[in-house]
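Trainee:
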DNA sequence: TTATTTTATGCAAACGATTGTGGCATCCAA
DNA sequence: TTGGATGCCACAATCGTTTGCATAAAATAA
């Protein structure tokens, strides 16, 4: 059987509490060198491992954090997960994982589940249909860090990227390349990131005086299929856009499917900027111009925020951390300005 | 504060044990309808949630399983993770996650850690430098399922895909397309999957009487960089291959980088088959011909095996489950037979 | 020597749930 | 009226650790 404190204590001829104290390494406690070494020896001999379950129960501290994301198979979130797991391990924390599939009820059930299993803190990319349950957590002063998405109306810790600026920069880049009719394809606009991106998109439209047409905007889900259908619809518009700003890489793949089905080529017929970079982006049909989020850094920042929050009993001032994104200019955007110039230089007919 | 059994009991004027029994819904126990309804009402009013930590401690059952993979940010493993997480949730299990980064010591530490935290079972994609610790688990009859990789010498549950056949089929396909000099680029050959693939490769080489040259084989890691360097080396050979069979998608991306740096084009100058399909594979520079693993099914199978294993106290006969892979023929392989034919039909000079 | 401090350790309660055992009513049968 | 059966519930132990408090022995001071 697995040895317990009691087993070690019996063999060493001391009380379990003594063993506990010695093994905890409380230096300042008065323990004779003799018993100390004896206990260490016996613990080693028996290969004693403290029962963390009992320990967690007694201490009300599990050394475990929860990580809840919409979809762990999404490269963005699996990158975050990896980063968080590595940080956690360093600080002797374990991470338990949950997928919500963008389902609000599932998120709530999952949080309650993890809570009753005793996590010390939670990192969450919320679904954002509702926020009451998150507010409750805050009120209870439960260590919580939101990641990727946060609530403007809630005072929480959060690590987010500057989606508004990112989208604005993308539009700015497209505008400079001569695009005037730009489509915006995304998941659901109640999601924080999408809302901010849309804001950035709109700001860009206004700033550069581009075509403002609600038909160019589509948001109906995060799947490959939804990206496919949105794109098909937008491409069949009487006046279809010359460029697309696309959020989410499954959506992007769906969009490409639609584009190639229509025998269009990128960037000659249509330009593309993808909102998330991932491995392989440079090697797509055309090297994809994308916006990069500093995934590793975001995970680290989230864990560190959480760690500090867990360490201090008192209320910690909440901090929303905004990280900058990067526009990776590759080859999926055509410079219409140059093209127009060329076309005008050699007038037809 | 969070209400406990005791709180509910006091309010209901009964003993905690009674509350426990009622809330467990043991129908056959003699409990009066009056106390039963009263207890339910009060539990609901207080929003009583059983403390799963205490429960787990008492019952020695945490309703938690461990999932340890080399790298959760690898799409193959994150797909597996997602599938397993979904199955787990359905059966009221939670999954805790670990990355080994192909580091054997880290794997061992992680297993011990999860064990002392009380997981009910473990799904593991092992590093495979050593197997002693896994043998120990088996001897202790601990519920364990290996995934993606297993040990020929160990009797364990496992869900693996038929890598040998997959590689053989790929080589067969390349051979039929007229390729005679085929490179094999992979991670580390001590890994089960890679070993089997290499076996399939060799079998193919023999069967179709292709060029058997150890210089065409390279295995030095799972990273983008290692793929890059391996490919560079192989492409600079005096007699460089006409096709490459590549294991692992980070490696594949590295290979493409090397190929394009050399200004070679796919498939005209060099053909490619990738060993793992992932979202976007169809939309690469050239639609990638890949081997697909049934990720979702593998995850489900692994969970089900584990679940059965956890349910039965007695020793369950171990089963290794082998799933078939699929060769997705897209556009990254050139038919040299046709090309040669064409070349011969129109002799130059 | 006695009083006092220090050193080293034991004792027991506690965390929150589960479960075997046992006991007090009540009821029915003989 | 007594016996046993049955319905309903309480009691207490238990899981493995931790920790405040008590205490005995040893060391030091008076």
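Residue numbers (this note's numbering), protein chains in the order written: chain A, 39 to 387; chain B, 39 to 387. Every residue, glycine too, gets a C-beta built ideally from N, C-alpha and C.
#1: Taking the alpha helix (DSSP H) that residue 185/A falls in, what are its first and last residues?
#2: How would you write the range of the alpha helix (DSSP H) that residue 143/B sits in, first residue to last?
#3: To the nearest angstrom, report how far apart residue 179/B and residue 140/A are at their CA atoms.
#4: Is the beta carbon of residue 184/A sitting closer than 8 Å to the one on residue 177/A?
#5: Quick one, which of 229/A, 215/A, 155/A and 253/A has its alpha-carbon nearest residue 108/A's?
#6: Does the CB of residue 204/B have a neighbour CB from chain A at under 8 Å?
#7: Indicate whether at least one CB of chain B lies closer than 8 Å to the CB of residue 279/A.
#8: Residues of chain A with CB closer than 7 Å to the CB of residue 128/B, please, in chain order.
#9: Please list the residues of the stretch 78-96 of chain A that have a C-beta atom closer than 8 Å to any C-beta atom in chain B, keeping them in chain order.
#10: Please confirm whether residue 119/A has its beta-carbon closer than 8 Å to some beta-carbon of chain B.
#11: Would you mind stating whether residue 133/A and residue 103/A have Cβ atoms separated by less than 8 Å?
#12: Indicate whether at least one CB of chain A lies closer than 8 Å to the CB of residue 110/B.
#13: Mind listing, in chain order, the continuous beta strand (DSSP E) runs of no fewer than 3 residues lying wholly within the stretch 155-213 of chain B?
#14: Under 9 Å Cβ-Cβ, which residues of chain B neighbour residue 294/A?
#15: For the stretch 317-329 of chain A against the stretch 159-169 of chain A, are there 3 or more C-beta pairs whose distance is under 8 Å?
#16: Say whether chain B places a C-beta atom closer than 8 Å to the C-beta of residue 135/A.
#17: Taking C-beta pairs closer than 7 Å, name the residues in chain B that residue 124/A reaches, listed in chain order.
#18: Kindly indicate which residue of 308/A, 240/A and 243/A has the alpha-carbon position closest to the one of residue 272/A.
#19: Specify the secondary structure class of residue 99/B as computed by DSSP and reduced to three states.
#20: Specify the secondary structure class of residue 104/B as computed by DSSP and reduced to three states.
#21: According to DSSP, simplified to helix, strand and coil, what is residue 354/A?
#22: For residue 148/B, is the classification buried or exposed, using 16 other Cβ atoms within 10 angstroms of its Cβ as the cut-off for buried?
#23: Are the C-beta of residue 337/B and some C-beta of chain A separated by less than 8 Å?
#24: Taking all protein chains shown into account, do 16 or more other C-beta atoms lie within 10 angstroms of the C-beta of residue 39/B, making it buried, or fewer, making it exposed?
#25: Let's see if you can read the secondary structure: which residues bound the beta strand (DSSP E) around residue 257/B?
#26: Taking buried to mean at least 16 other C-beta atoms within 10 Å of its own C-beta, is residue 231/A buried or exposed?
#27: Kindly identify the DSSP beta-bridge partner or partners of residue 316/B.
#28: With contact counted as at least three CB pairs below 8 Å, one residue from each stretch, are the stretch 243-254 of chain A and the stretch 201-221 of chain A in contact?
#29: With H, G and I counted as helix, E and B as strand and the rest as coil, what does DSSP make of residue 303/B?
#30: Closest to residue 289/A by CA distance: which of 244/A, 225/A, 323/A and 239/A is it?
#31: Does residue 116/A have its Cβ less than 8 Å from a Cβ in chain B?
#32: Should the stretch 90-105 of chain B be regarded as contacting the stretch 62-71 of chain A, the criterion being three or more beta carbon pairs within less than 8 Å?
#33: Where does residue 370/B sit, in a helix, a strand or coil, going by DSSP?
#34: How big is the Cα-Cα spacing for residue 313/B and residue 287/B?
#35: Provide the residue span of the alpha helix (DSSP H) that contains residue 133/B, from first to last.
#36: Take the Cβ of residue 294/B as the centre, count every other Cβ of all protein chains shown within 10 Å, and call the residue buried at 16 or more, exposed below.
Mentor: Inspection of the coordinates gives the following:
#1: Within the first chain, residue 185/A is the residue found at index 147, counting from 1. Counting along the chain, residue 185/A falls outside any alpha helix (DSSP H), though it belongs to the beta strand (DSSP E) covering 182-185.
#2: To locate residue 143/B, count along the second chain from 1; it is residue 105. Where residue 143/B is concerned, the enclosing alpha helix (DSSP H) stretches over 142-154.
#3: By 1-based counting over the second chain, the position of residue 179/B is 141. By 1-based counting over the first chain, the position of residue 140/A is 102. For residue 179/B and residue 140/A, the distance between alpha carbons rounds to 38 Å.
#4: Translated into positions along the first chain, residue 184/A becomes position 146. Translated into positions along the first chain, residue 177/A becomes position 139. It is not a contact, given that the beta carbons lie outside the stated cut-off.
#5: The residue labelled residue 108/A in the question sits at position 70 within the first chain. Cα-wise, what sits closest to residue 108/A is 229/A.
#6: Within the second chain, the letter at position 166 stands for residue 204/B. So, not an interface residue.
#7: Reading the first chain from its first residue, position 241 is the one you call residue 279/A. No, its Cβ sits nowhere closer than 8 Å to a Cβ of chain B.
#8: The residue given as residue 128/B occupies position 90 in the second chain. By Cβ distance, chain A contributes nothing, its closest Cβ being about 11 Å from residue 128/B, past 7 Å.
#9: 87, 88, 89, 90, 91, 92, 94 and 95
#10: Position 81 of the first chain holds residue 119/A. It does: the Cβ of residue 119/A has a partner Cβ on chain B nearer than 8 Å.
#11: Sequence index remark: in the first chain, residue 133/A carries index 95 (1-based). Sequence index remark: in the first chain, residue 103/A carries index 65 (1-based). It is a contact, given that the beta carbons lie within the stated cut-off.
#12: Within the second chain, residue 110/B is the residue found at index 72, counting from 1. Residue 110/B counts as touching chain A.
#13: 159-162, 182-185 and 195-199
#14: The residue labelled residue 294/A in the question sits at position 256 within the first chain. Correct list: 318, 320 and 321.
#15: no
#16: If you number the first chain from 1, residue 135/A lands on position 97. By this cut-off, residue 135/A is an interface position.
#17: Looking up residue 124/A in the first chain gives position 86. 137, listed in chain order.
#18: By one-based count along the first chain, residue 272/A stands at place 234. Measuring from the Cα of residue 272/A, the nearest candidate turns out to be 308/A.
#19: Reading the second chain from its first residue, position 61 is the one you call residue 99/B. Here residue 99/B sits in coil by DSSP.
#20: For this step, residue 104/B is matched to residue 66 along the second chain. It is a strand residue.
#21: Indexing the first chain from 1 puts residue 354/A at position 316. Three-state result, residue 354/A: coil.
#22: Position 110 of the second chain, counted from the first residue, corresponds to residue 148/B. Burial call: buried.
#23: For the purposes of this step, residue 337/B is taken as the residue at position 299 of the second chain. Not one chain A Cβ lies under 8 Å of residue 337/B.
#24: On the second chain, residue 39/B is found 1 positions in, with the first residue counted as 1. Residue 39/B is exposed by the Cβ-count criterion.
#25: Start at 1 with the first residue of the second chain, and residue 257/B comes out as number 219. Residues 255-257.
#26: What you label residue 231/A is simply residue 193 of the first chain in a count that begins at 1. Buried.
#27: Locating residue 316/B in the second chain gives position 278, counting from the first residue. Residue 316/B pairs with nothing; no bridge assigned.
#28: yes
#29: Taking the first residue of the second chain as 1, we reach residue 303/B at position 265. If DSSP states are grouped into helix, strand and coil, residue 303/B belongs with coil.
#30: Residue 289/A sits at position 251 when you count from the first residue of the first chain. The shortest C-alpha separation from residue 289/A is found at 225/A.
#31: Locating residue 116/A in the first chain gives position 78, where the first residue counts as 1. So, interface residue.
#32: no
#33: The count along the second chain starts at 1 and reaches residue 370/B at position 332. If DSSP states are grouped into helix, strand and coil, residue 370/B belongs with coil.
#34: To locate residue 313/B, count along the second chain from 1; it is residue 275. To locate residue 287/B, count along the second chain from 1; it is residue 249. Rounded to the nearest angstrom, the two C-alpha atoms are 7 Å apart.
#35: Against the second chain, residue 133/B aligns to sequence position 95. Element bounds for residue 133/B: not the alpha helix (DSSP H) but the beta strand (DSSP E), 132-137.
#36: Counted from its first residue, the second chain places residue 294/B at position 256. Looking at its Cβ environment, which holds 16 or more other Cβ atoms inside 10 Å, residue 294/B is buried.
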